[in-house]
Structure formats: C-alpha cells, structure tokens
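Novice: One structure follows; several queries about it will come next.
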Amino acid sequence: MCGIVGAVAQREVSGILLEGLRRLEYRGYDSAGMAIIDPSGDIQNRKRVGKVQILSEELLASPLQGRVGIAHTRWATHGQPSEINAHPHLSGDIALVHNGIIENHAELRLRLEKLGYVFLSQTDTETIVHLIHHYYKDQKNMMAALKLTIADLHGAYGLALINSAEPERILCARKGSPLVIGIGIGENFIASDQLALRQVTDRFVYLEEGDIAEITPDEYTIYNSEFEQVSREITQIDTAADSADKGNYRHFMLKEIYEQPSVIRRSLAGRLGSKKILMEAMGSRAAPILEKISSVQIVACGTSYHAGMVAKYWIEGLAGVPCRVEVASEFRYRKFKVQDNTLFVTISQSGETADTLAALKLAKTLGYSASLAVCNVAQSSLVRESDLYLMTEAGPEIGVASTKAFTTQLVALLFLTVALGRHHDISEAQEEEIVSALNSLPDLLTETLALNLDIKEMANAFADKHHALFLGRGAQWPVAMEGALKLKEISYIHAESYPAGELKHGPLALVDADMPVVAVAPNDLLLEKLKSNIEEVQARGGQLFVFSDKAAGFKAAKGMNIIELPHSSDVIAPIIYTVPLQLLSYHVAILKGTDVDQPRNLAKSVTVE
Ligand code: G6P
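The opening residue of the sequence shown carries number 1 in full-length UniProt numbering; numbering runs sequentially from there.
So, in structure tokens, the structure goes:
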C-alpha cells in the first residue's frame, strides 16, 4: 500500500526517485509526489494526481534539482486522491512521506491545531510532519525530534523525511510497514520495497519493527526501538532475478501468467527427489516440528486465502489432518480455543499484508505449536517473524491481480500436505504418485497456456455482461472462487462463486441468458454431481462456459461452450484449472479496456488494516 523511495547521493536524484516510483507503482497509484532539497538549500516539491507518468511529465516541464530527496506513490486511506493529499507533506523546512495508518491522528490534529499548525490536507500523515516540526523547534536535532514524534504515534508507519536545515541526510522509521535501506558507493537509498532500488544497488538492509535509521551518502546508522545502535545483516540480491520489466508482453499480468511453467519448475527444483519430497528443503527445524502436528490453522487474505481453501481439501483429504482456514481480518478479532499440536500457517505473496501479520502476532500468544509462512518474499516481515517458512519462488509479482503467486502457493502447500501426511495418512506409494504429478505439472501448464486463443475467443461472451457465476466442487470450488475474484478485480464485472451443489439454494434464481455461468469440471470423482448442476443451468437457458477434459464427455452445443484441458492427476488439477480462468479474466479486461495491471481502487500489497 503506497510506495516510498528516497536517495542521498553525490549526483542528481530526481531520475532515481522517479524510476523507483515507477517500480513501486503497483503498490498504489492514485497520486504521486517528490520533494528534493535544491542547490540553494530549499525544499522543492511536485505532486500530481494519477499515475507516476503524470508526475514524470510535470518533472519534465518543471524539473527538480538536488542530491537529497524523497518520493511517494499513494493509495488513498485518509482523504481523497488529490494534490493536497498526495505526499510528501511539508511543515516548514521538513518534508515527509508515509505508508500506513496513524490511528490517533484526529487527537494529534487537535493538539497541533491548538499549537497553531494549519492543516492543508485530510491525511493522517500531515500530523506526523507537523509533530516533527514542533519537536524540532525545541530539539534542533532531527533524530531527537523523530524519536519524540514516534512515541506519540499509535498505528502503523513506514516513513522517511528530509529537512533542509540538516541537508545530506534522510531519516526513516518503521513500525508495521516495511522499509529497506539500499547501499550504494557514496550514495545510499531508502524504499518500502527493494524492487524500487534494483536499478541502483543490489545490497540491502531490511529494517526491523521499531527501527529508526539515518542515512547519508557515506553511511547509514540504525537504532532499535530502545534506541540502541544496532547492525543488521546486509542481503545481496541476485540482479538477474529482477523482473520489474514487462519484456515483450503487453501487461505484467500476462507475462506473469505465462511465467507459471518456469516458476513452478524453479519452485520444484531441489524439493523433489525421484519418489519423495525432500524435507530438507524446509530447513532442519521443520521435520521435528511437523511430525508432532495433528491439526492445522491457515490464515490469509485475498487470493492467498483461496490457496488456503484448496490446501484444506488436500491437508484433510490426503494427509488426514484436520485443517481450518480463515481470512486474517476475521481471525484476528475472533475468540476461539486452540487445539494442542496445531500448526499455524500464514499464506501471503508479499509477506507484508497487515491483517495477516496481525493474525500471526496474535497466534504467537495463543499456544500454537509453531508458525509457518508460505510466502514469496524472503525478506518480508512474515518470513522473519515465523518459525518456519516455505518460499514460493515465483519471483516479483507486479500485476495487482495475483496469478503466478497463487499457483506457486498451491505447489508449496501440496509439498506441506505431503510433509504432514507422512506422519498421518499418506503412504509411500501415494507420495510417489504426488511427486510424479508435480513433476508433470510444468509441461501440463504449458499445454494449458496453448489454449489461449480459444479462451480469448470465449472472452467475447463476457465483455458486455454485468454478472457472472463460477461453479466448482471439492478443491475446484476455491479455484472457482479465485476465477470469480480475478474477473471482478480486473474487468469490474460482478462475479460470484458457489460450490455447485448450492446452486439450487439461491443463485439459480439469477440464471438467464445475461448471466454467463463458468463451470470448473475436471474428470474427477465429483464430475457426475457437477454435471447435474450444469443441467440445472441449461434447463433455465443459462449460458455455460465449461472447463473440462476430453474424458469428461461434454459436448459443445448452443449455450454450452467447452474448453478442453489436458488430462492430469486429480491432485494437481486445481493448479491447472486456475490458469484458463486467469486468461479468461485477462481477455475480458482487455475487451473492456480496463487497467489490467493496476485496477481501480486496489493495491498489490495491503499494508494497512
Ligand atoms: C491484495 C492484492 C491481492 C492479494 C491480497 C493478499 O488484495 O491485491 O492480489 O491476494 O492483497 O496479499 P498477500 O500479499 O498477503 O498475498
């Protein structure tokens, strides 16, 4: 949610900041701004509503010069997207950018107004910059003023600030919102995601909860929440893994859909033996913990929640281990009892989703045996705060609508299922079958992607519709949920999903020629049941769009459109059937002319509650 980038250098920084914003734009894109200390020592800033490109045009017309600056791309929480509400916010000689939410902003605003501060924006952020300004007047030291300020803040923040009275430095602080320092030679940087800085460095230091830091061109100093100077590990990132580039694809989303065979191949490498999964891939601590587990609680948000729903079918159905799944925003405020020997599993692409992190924090106080994060970002807060982790290895995912992160999550969760099932209901022979199915997955996905043109053709039937229904049964129900989510996220068509058996308990009333019905119908044990549900739709003149395989025996007819997928083992079918639904939403969105990679009102990484 929102992106921060800052630079202190011995060269002009506006180009670096602008490129950083472009790379962060997937996190928020309703307005953007930049503040720089100019050669005469004054703070100059530019802000624009809309995408970073609009700010970039403004900077071309009216450039900013200077060697110290901060910039921000915003996803509005407090106050509409407007120039006034865009960051950086200013108070006297100080400029500040902020991610997160200050919960006591109303009270702080009143206090500051009494002190004579005049607020220009509706944001919670403006209270922080005035507060720093207020303390700076007495302290005459930015670090001291920042320290006093954050003691007054309730809520979450990742923030960075500059002060023209102390040029050549950026101060920053994090609590509940990620920040990373990028280390250069004679220049240093700050950002909310290392991706923003990959064009200038490959060496990063991740700030931890409660850290405050000061960066100058030559050094950086980090203090922990007790204000003790600390040193944090430097992480070197493989520059080849930089995928913040669309390549030849029209959109990141399409590129990421097509990357699925290769990222899944990569995520399997080193994890599968010829007949067994390699437990060592989960680290030496995992085996003794997992062998004692007798139930699982999964918590996640959005697409990651759907991955958890699929995993429930696997963990209960294959491993024979009871498993509950809940969205993090509900879990964190609910009362319940924790059973002995329960593993707490979080699933998150970013590892920074505020609700998921809060759920983990709560879980740690509740007596779970251990926590395990299924995550795509190795340096994320979620991974750092969990006992165990399973990385999804999808590489950076830029499209707001999650695609390759979801299918790699499923692969990791199947791996976890086997790891748990070994001590419960999965025999050696079954493990061998699952390993062989996983090995066949990349090629089957490539075959599925080859159906792209047929799916593109099918999309024409959706572009003028206002509603769509997605049906599935068993582990394909969450796949249908994910298909519906993709369609609503990027094409703005209202889409709902139902377990097909529920059709007659309500949604059947909606079925008519204007309501396309998508059925996820592989040739599995529930096929005959699903066929009856499909007939219920046909009998009411519904338009059906069925994803199935040859052996299922569906015949194309009026009102019955069929895409035939390659045949696969039941266990990996949810991963394969996800892909055509991603392509369907993509092509519908193209026909509707929506912003595929940055759909309205959404953000990639939801770091506020
Ligand atoms: C946002 C994104 C979704 C994502 C969800 C959870 O809503 O737009 O694509 O599924 O957050 O994010 P996480 O990073 O925790 O998987």
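Backbone N, C-alpha and C define an ideal beta-carbon position, used for all residues, glycine too.
Assign P63 to one of two classes, buried (16 or more other C-beta atoms within 10 Å of its C-beta) or exposed (fewer than that).
Specialist: That one is exposed.
Novice: For E259, count neighbouring Cβ atoms within 10 angstroms of its own Cβ and tell me buried if that reaches 16, exposed if not.
Specialist: Flag for E259 reads buried.
Novice: For K361, which of helix, strand or coil comes out of DSSP?
Specialist: It is helical.
Novice: Please tell me whether, using a cut-off of 7 Å, the distance from the CB of L602 to the nearest non-hydrogen atom of ligand 1 is below it.
Specialist: Yes.
Novice: Assuming contact is defined by CB atoms lying nearer than 8 Å, are F462 and V588 in contact in what I supplied?
Specialist: The answer is yes: Cβ separation under 8 Å.
Novice: Would you say A401 touches ligand 1, meaning its beta carbon is less than 7 Å from a heavy atom?
Specialist: A401: yes, Cβ under 7 Å from ligand 1.
Novice: State the Cα-Cα distance for the pair A373 and I183, rounded to the nearest angstrom.
Specialist: Their backbone Cα atoms lie some 28 Å apart in a straight line.
Novice: Taking the alpha carbon of K255 as the point to measure from, which residue in T365, S304, Q582 has its own alpha carbon closest?
Specialist: Closest by alpha carbon: Q582.
Novice: Is it true that the CB of V571 sits closer than 8 Å to the CB of I434?
Specialist: Yes. Within cutoff.
Novice: Can you find a heavy atom of ligand 1 that lies under 7 Å from the Cβ of E606?
Specialist: A small fix is needed here, since residue 606 is Val in this sequence, not Glu. Flag set: Cβ of V606 near ligand 1.
Novice: Secondary structure at T607, three-state DSSP: helix, strand or coil?
Specialist: Three-state result, T607: coil.
Novice: Please report the Cβ distance between Q349 and S304, rounded to the nearest whole angstrom; I am assuming they are in contact, meaning their Cβ atoms lie under 8 Å.
Specialist: Correct: roughly 6 Å between the Cβ atoms.
Novice: Measure how close the beta-carbons of I132 and L96 come, nearest whole angstrom, since I'm counting them as under 8 Å.
Specialist: Rounded, the Cβ-Cβ distance is 7 Å, consistent with contact.
Novice: Would you mind stating whether S369 and L360 have Cβ atoms separated by less than 8 Å?
Specialist: No, the Cβ-Cβ distance between S369 and L360 is not below 8 Å.
Novice: Quickly, what does DSSP pair C375 with across the bridge? List them, please.
Specialist: Partner(s): S348, M391.
Novice: Using 7 Å as the cut-off, classify the Cβ of S62 as near or not near the heavy atoms of ligand 1, replying yes or no.
Specialist: No, ligand 1 has no heavy atom inside 7 Å of this Cβ.
Novice: Between A328 and D355, which are expected to be in contact by the criterion C-beta below 8 Å, what is the C-beta distance as a whole number of angstroms?
Specialist: The pair is a contact, with the Cβ atoms about 4 Å apart (cut-off 8 Å).
Novice: For the region 109-163, which segments carrying the alpha helix (DSSP H) assignment without a break, of at least 4 residues, lie completely within its bounds, in sequence order?
Specialist: The region 109-163 contains these whole alpha helix (DSSP H) runs: 125-139, 142-152.
Novice: If you pair each beta-carbon of the region 178-197 with each one of the region 108-117, do three or more pairs fall below 8 Å?
Specialist: No: the two stretches stay apart, fewer than three of their Cβ pairs being nearer than 8 Å.
Novice: Quick one: Cα of E546 to Cα of V520, how far?
Specialist: Correcting the residue type first, residue 546 is Val in the shown sequence and not Glu. Cα to Cα, the separation comes out at about 6 Å.
Novice: Quick one, which of S532, D443, V418 has its alpha-carbon nearest E316's?
Specialist: Ranking the options by Cα distance to E316, first place goes to V418.
Novice: Would you call the region 546-564 and the region 429-443 in contact, with 3 or more CB pairs under 8 Å?
Specialist: The region 546-564 is not in contact with the region 429-443.
Novice: Which residues bound the beta strand (DSSP E) around residue 628?
Specialist: Coverage of the chain is limited to positions 1 through 609, which leaves residue 628 absent and any answer about it impossible.
Novice: Check L343 in the structure and name its three-state DSSP category.
Specialist: Looking at L343 - three-state DSSP - the assignment turns out to be strand.
Novice: In angstroms, rounded to a whole number, what distance separates the CA positions of N533 and Y249?
Specialist: Rounded to the nearest angstrom, the two C-alpha atoms are 38 Å apart.
Novice: By the three-class DSSP mapping on this structure, what secondary structure does M560 have?
Specialist: M560: strand per DSSP, three-state reduction.
Novice: Hey, out of G351, A307, F336, A300, whose CA is closest to E326's CA?
Specialist: Of G351, A307, F336, A300, the residue nearest in Cα terms is A300.
Novice: Answer yes if the region 144-155 comes into contact with the region 65-82, meaning at least three C-beta pairs across the two stretches below 8 Å, and no otherwise.
Specialist: Verdict: no, contact absent.
Novice: Quickly, what does DSSP pair V5 with across the bridge? List them, please.
Specialist: V5 is bridged to A71, A191.
Novice: Going straight from the alpha carbon of T392 to that of R198, what length do you get?
Specialist: Roughly 21 Å separates the two Cα atoms.
Novice: Please return the same chain residues whose Cβ sits closer than 8 Å to the Cβ of H567, not counting the five positions on each side in sequence.
Specialist: Cβ within range, chain order: N523, D549, K550, A551.
Novice: Would you check if there are 3 or more beta carbon pairs closer than 8 Å linking the region 218-229 to the region 31-43?
Specialist: In short, these stretches do not touch, since the Cβ pair count stays below three.
Novice: Is C301 close to ligand 1? I mean its beta-carbon at under 7 Å from any heavy atom of the ligand.
Specialist: Checking every heavy atom of ligand 1 against the Cβ of C301, one is found closer than 7 Å.
Novice: Please identify the residue among A35, G270, A358 whose C-alpha is closest to the C-alpha of A160.
Specialist: Out of A35, G270, A358, A35 has the C-alpha closest to the C-alpha of A160.
Novice: With K175 and A156 assumed to form a contact (beta carbons below 8 Å), what rounded beta-carbon distance in angstroms separates them?
Specialist: The Cβ separation is near 6 Å, so the contact holds.
Novice: Is the closest heavy atom of ligand 1 to the C-beta of Q260 under 7 Å?
Specialist: Checking the Cβ of Q260 against ligand 1 gives no.
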